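Participant:
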Amino acid sequence: MDCEQDLAKARIDALRDVIDDLDDAILDMLEKRQRASSAIQKHKSEIGMSRKDQDREKEIFDRLSSENISRSRIEQIWKEIFVYE
Numbered sequence: 020m021d022c023e024q025d026l027a028k029a030r031i032d033a034l035r036d037v038i039d040d041l042d043d044a045i046l047d048m049l050e051k052r053q054r055a056s057s058a059i060q061k062h063k064s065e066i067g068m069s070r071k072d073q074d075r076e077k078e079i080f081d082r083l084s085s086e087n088i089s090r091s092r093i094e095q096i097w098k099e100i101f102v103y104e
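Positions 20 to 104 (the numbering used here) are the ones given, in order, by the sequence shown.
(1) In angstroms, rounded to a whole number, what distance separates the CA positions of residue 13 and residue 23?
(2) Under DSSP, the alpha helix (DSSP H) around residue 82 begins and ends at which residues?
(3) If you draw a straight line from the C-alpha of residue 98 to the C-alpha of residue 71, how long is it?
(4) Quick one: Cα of residue 78 to Cα of residue 53, how far?
(5) Using DSSP with H/G/I as helix, E/B as strand and the rest coil, what is residue 69?
(6) If you measure between the beta carbons of residue 69 and residue 63, is that distance less than 9 Å?
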């Protein structure tokens with residue numbers, strides 16, 4: 020490998036380290052979100068509320084919509100998260 024390839028490989032490795040750290044943080048946040056969601060579901064059950072709240076889901080989608088990620092993609096990702104909970 021020449022110097023340019025070595026430099027490119029080093030940059031790729033550094034970026035992969037960043038992605039690994041982000042993946043770990045995402046997993047940690049998903050676990051925290053799941054615990055909070057479980058607590059909410061417990062309280063909803065105690066007072067006879069429905070598990071699903073479409074108005075709340077819409078609020079989440081509206082809040083998370085961005086210029087960089089389409090709303091449909093956000094909905095797709097978050098619906099998977101909702102199923103997990």
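Here a beta-carbon is modelled for each residue, glycine too, at the ideal position from N, C-alpha and C. Fair warning: this is a prediction, and the values are worked out from it, not measured in the lab.
Facilitator: According to the structure data:
(1) This structure cannot speak to residue 13, because the chain is shown only from 20 to 104.
(2) Taken as a continuous stretch (DSSP letters only), the alpha helix (DSSP H) holding residue 82 covers 73 to 83.
(3) Rounded to the nearest whole angstrom, the CA to CA distance from residue 98 to residue 71 is 12 Å.
(4) Each residue's Cα considered, the two are about 18 Å apart.
(5) coil
(6) Yes, these two residues count as a Cβ contact at 9 Å.
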